[in-house]
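Number of protein chains: 2
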Amino acid sequence: MEIGVLGTGAVGAAIGAKLAQLGHQVKMGSRDAGNVKATAWAAQAGANASVGTFSDAAAFGKILFNCTSGQGALSALNLAGSANLKGKLLIDVSNPLDFSKGMPPTLTVCNTDSLGEQIQRSYPEAKVVKTLNTVNAFLMVEPSKLAGDHSMFLCGNDEGAKGQAREILTSWFGWKDVIDLGDITNARGTEMILPLWVRLYGHFKSPNFNFQIVR
Amino acid sequence: MEIGVLGTGAVGAAIGAKLAQLGHQVKMGSRDAGNVKATAWAAQAGANASVGTFSDAAAFGKILFNCTSGQGALSALNLAGSANLKGKLLIDVSNPLDFSKGMPPTLTVCNTDSLGEQIQRSYPEAKVVKTLNTVNAFLMVEPSKLAGDHSMFLCGNDEGAKGQAREILTSWFGWKDVIDLGDITNARGTEMILPLWVRLYGHFKSPNFNFQIVR
Numbered sequence: 001m002e003i004g005v006l007g008t009g010a011v012g013a014a015i016g017a018k019l020a021q022l023g024h025q026v027k028m029g030s031r032d033a034g035n036v037k038a039t040a041w042a043a044q045a046g047a048n049a050s051v052g053t054f055s056d057a058a059a060f061g062k063i064l065f066n067c068t069s070g071q072g073a074l075s076a077l078n079l080a081g082s083a084n085l086k087g088k089l090l091i092d093v094s095n096p097l098d099f100s101k102g103m104p105p106t107l108t109v110c111n112t113d114s115l116g117e118q119i120q121r122s123y124p125e126a127k128v129v130k131t132l133n134t135v136n137a138f139l140m141v142e143p144s145k146l147a148g149d150h151s152m153f154l155c156g157n158d159e160g161a162k163g164q165a166r167e168i169l170t171s172w173f174g175w176k177d178v179i180d181l182g183d184i185t186n187a188r189g190t191e192m193i194l195p196l197w198v199r200l201y202g203h204f205k206s207p208n209f210n211f212q213i214v215r
Numbered sequence: 216m217e218i219g220v221l222g223t224g225a226v227g228a229a230i231g232a233k234l235a236q237l238g239h240q241v242k243m244g245s246r247d248a249g250n251v252k253a254t255a256w257a258a259q260a261g262a263n264a265s266v267g268t269f270s271d272a273a274a275f276g277k278i279l280f281n282c283t284s285g286q287g288a289l290s291a292l293n294l295a296g297s298a299n300l301k302g303k304l305l306i307d308v309s310n311p312l313d314f315s316k317g318m319p320p321t322l323t324v325c326n327t328d329s330l331g332e333q334i335q336r337s338y339p340e341a342k343v344v345k346t347l348n349t350v351n352a353f354l355m356v357e358p359s360k361l362a363g364d365h366s367m368f369l370c371g372n373d374e375g376a377k378g379q380a381r382e383i384l385t386s387w388f389g390w391k392d393v394i395d396l397g398d399i400t401n402a403r404g405t406e407m408i409l410p411l412w413v414r415l416y417g418h419f420k421s422p423n424f425n426f427q428i429v430r
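Here the protein sequences line up with chains A and B, keeping their order.
Mapping of the first sequence onto the numbering used here: position 113 corresponds to residue 113, and the numbering continues sequentially without gaps.
In short: position in the second sequence from 1, add 215, done, that's the numbering used here.
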């Protein structure tokens with residue numbers, strides 16, 4: 001399948017590489033079609049990988065992953081263009097983290113709203129599913145790196161899109177415990193565990209951990 | 216040991232009953248010394264249990280548990296009196312949840328501050344340790360109700376008080392995986408997972424779950 005990955009950071013690179021390895025055609029989008037990180041990623045990811053602008057990647061993909069930094073997400077999607085998002089599953093992996101005021105980071109939106117909701121409101125014809133934002137990039141696409149069971153959350157307003165996202169998580173990436181929290185307002189909850197995630201990262205001195213919901 | 220439990224809700228009742236059952240002298244404090252819920256609790260909890268005002272309970276306890284609702288915490292501690300909190304371990308179990316605007320609840324403080332920090336700032340001579348606020352009352356004192364490993368967080372500024380709190384969690388209540396996140400600013404992180412907790416409660420239709428940090 002053709003898939004557009006928006007963002008050239010560790011998250012975009014890990015997800016894009018995994019998708020290309022699974023045999024999908026992946027275009028990584030960025031602000032600048034000649035982005036050095038995207039070009040380096042494509043050279044490593046092989047024949048299934050290509051690069052372009054946010055708009056190129058969004059037009060190319062039948063499914064889209066928003067892997068931009070939280071603070072760049074809305075402007076990146078604006079460059080991607082609403083016509084290119086329309087009717088598509090848009091998996092939103094971004095977190096509204098603000099590191100500009102030092103550590104620990106704060107969230108630019110939380111409690112009564114979330115970045116996932118802002119994106120869905122801005123692009124009502126996209127089918128936003130918030131997921132994968134609660135783990136490190138490497139765990140996202142290879143949950144078996146951690147021994148034992150651990151959980152992945154998803155939420156969104158479109159049941160069909162959530163089913164498609166669940167299939168990607170389970171069949172493509174190998175997640176076993178995927179918890180559908182409900183509509184996109186649940187993005188508040190999953191984005192708001194990031195402050196704890198960041199502290200746990202500091203505590204363990206490793207990002208190789210995840211939450212399991214024991215029940 | 217003499218222990219003061221502030222608050223007559225499900226959390227205060229469960230913690231107070233467990234402590235009395237372990238042989239400690241427990242005084243449950245409330246706004247009104249003749250509080251009906253406190254009196255009913257004491258009748259059930261047996262000879263080790265007594266009731267009084269917030270001030271009575273705080274004066275009585277060598278260790279204190281703040282089990283008030285988040286929105287009532289600071290006024291309850293004000294009634295308890297700073298002289299009665301001075302130098303004592305104050306285990307803060309409260310969460311700044313606001314249900315007044317309907318479901319899902321929001322937090323009255325988050326992101327750049329927390330209730331745990333507000334309490335520590337208000338009573339600098341108390342040794343505030345934030346813990347137990349991320350699970351249901353019954354799990355707090357009986358973590359073995361859930362099969363398998365699961366985690367409890369603690370944070371605070373005083374190392375001695377955290378050691379004492381850890382001993383209560385492990386030796387008295389039976390917690391096995393207790394994670395010390397660091398200073399009291401980490402209360403932001405643990406309080407901010409409550410929105411997800413509330414959604415998971417709705418999803419599972421049971422409060423009998425917890426987060427395990429798989430690593």
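Here a beta-carbon is modelled for each residue, glycine too, at the ideal position from N, C-alpha and C.
In its own chain, which residues sit with a C-beta less than 6 Å from the C-beta of residue i, not counting the 5 before and 5 after it?
{"i": "Ala258(B)", "result": "none"}
{"i": "Phe388(B)", "result": "Val356"}
{"i": "Asn285(B)", "result": "Before going on, a small fix: residue 285(B) reads as Gly here, not Asn. Excluding positions up to five away in sequence, the list reads Ser309, Asn310, Pro311, Leu312, Leu330."}
{"i": "Tyr201(A)", "result": "Pro207"}
{"i": "Asp183(A)", "result": "Asn157"}
{"i": "Asn186(A)", "result": "Cys155"}
{"i": "Asp59(A)", "result": "Per the sequence presented here, residue 59(A) reads as Ala, with Asp not at that position. Around Ala59(A): Asn84."}
{"i": "Ala291(B)", "result": "Leu221, Phe269, Thr283"}
{"i": "Leu107(A)", "result": "Pro96"}
{"i": "Ile278(B)", "result": "Ile218, Leu304"}
{"i": "Gly61(A)", "result": "Glu2, Ile3, Gly4"}
{"i": "Pro358(B)", "result": "Gly389, Trp390"}
Where do the N-terminal and C-terminal ends of the alpha helix (DSSP H) with residue i fall, by residue?
{"i": "Lys37(A)", "result": "36 to 45"}
{"i": "Ser290(B)", "result": "288 to 295"}
{"i": "Ile15(A)", "result": "10 to 21"}
{"i": "Trp412(B)", "result": "409 to 419"}
{"i": "Ala404(B)", "result": "The sequence given here has Gly at residue 404(B), not Ala. Start and end: 402 to 406."}
Closer than 8 Å by C-beta to residue i: which residues in its own chain qualify, once you throw out the five before and the five after it? Chain order, please.
{"i": "Leu22(A)", "result": "Trp172"}
{"i": "Ala248(B)", "result": "Val266, Gly267, Thr268, Asp271"}
{"i": "Leu384(B)", "result": "Thr346, Leu347, Met367, Leu369, Trp390, Val393"}
{"i": "Ala231(A)", "result": "The question about residue 231(A) has no answer here: the residues shown for chain A are numbered 1 through 215."}
{"i": "Gly87(A)", "result": "Glu125, Ala126, Lys127"}
{"i": "Trp41(A)", "result": "Thr8, Gly12, Ala13, Gly16, Ala17, Met28, Ala49, Val51"}
{"i": "Asp328(B)", "result": "Arg403"}
{"i": "Thr134(A)", "result": "Met152, Phe153, Thr190, Ile193, Leu194, Trp197, Asn210, Phe211"}
Alpha carbon to alpha carbon, what distance is there between residue j and residue i?
{"i": "Ala49(A)", "j": "Gln120(A)", "result": "28 Å"}
{"i": "Leu369(B)", "j": "Gly102(A)", "result": "23 Å"}
{"i": "Thr346(B)", "j": "Lys233(B)", "result": "16 Å"}
{"i": "Gly244(B)", "j": "Ala341(B)", "result": "17 Å"}
{"i": "Pro124(A)", "j": "Leu89(A)", "result": "12 Å"}
{"i": "Gln427(B)", "j": "Thr68(A)", "result": "28 Å"}
{"i": "His150(A)", "j": "Ser297(B)", "result": "43 Å"}
{"i": "Gly375(B)", "j": "Leu139(A)", "result": "36 Å"}
{"i": "Ala14(A)", "j": "Ser337(B)", "result": "46 Å"}
{"i": "Gly148(A)", "j": "Val429(B)", "result": "7 Å"}
{"i": "Ala137(A)", "j": "Lys205(A)", "result": "16 Å"}
{"i": "Gly46(A)", "j": "Ala38(A)", "result": "12 Å"}
{"i": "Lys145(A)", "j": "Leu289(B)", "result": "44 Å"}
{"i": "Gly189(A)", "j": "Arg414(B)", "result": "8 Å"}
{"i": "Asn293(B)", "j": "Asn250(B)", "result": "18 Å"}
{"i": "Gly24(A)", "j": "Lys162(A)", "result": "Note that residue 24(A) is His in the sequence shown here, rather than Gly. Cα to Cα, His24(A) sits roughly 20 Å from Lys162(A)."}
{"i": "Ile218(B)", "j": "Val241(B)", "result": "5 Å"}
{"i": "Asn326(B)", "j": "Ser315(B)", "result": "20 Å"}
{"i": "Met1(A)", "j": "Phe65(A)", "result": "13 Å"}
{"i": "Asp180(A)", "j": "Ala295(B)", "result": "43 Å"}
{"i": "Gly287(B)", "j": "Ala225(B)", "result": "15 Å"}
{"i": "Pro104(A)", "j": "Arg246(B)", "result": "37 Å"}
The beta strand (DSSP E) with residue i in it runs from where to where?
{"i": "Phe65(A)", "result": "63 to 66"}
{"i": "Val350(B)", "result": "Premise fails: Val350(B) is in no beta strand (DSSP E) and is neither H nor E."}
{"i": "Ala264(B)", "result": "264 to 268"}
{"i": "Gly29(A)", "result": "25 to 30"}
{"i": "Ile179(A)", "result": "177 to 182"}
{"i": "Gly4(A)", "result": "2 to 6"}
{"i": "Phe426(B)", "result": "425 to 429"}
Run down chain D in chain order and give the residues with a C-beta less than 9 Å from the C-beta of residue i.
{"i": "Phe173(A)", "result": "Annotation note: the requested chain D is absent from the structure, which comprises protein chains A and B."}
Once you ignore the five residues that flank residue i on each side, which residues in its own chain have a CB closer than 7 Å to its CB?
{"i": "Val324(B)", "result": "Pro311, Leu330, Gln333"}
{"i": "Ala20(A)", "result": "Val26, Ala45, Gly46, Asn48, Ala49"}
(Q) Across the region 182 to 201 of chain A and the region 407 to 427 of chain B, are there enough close Cβ pairs to call them in contact, namely three or more that are closer than 8 Å? (A) yes
(Q) For a minimum of 3 consecutive residues, which ranges assigned as the beta strand (DSSP E) are wholly contained in the region 304 to 381 of chain B? (A) 304 to 307, 342 to 346, 366 to 371
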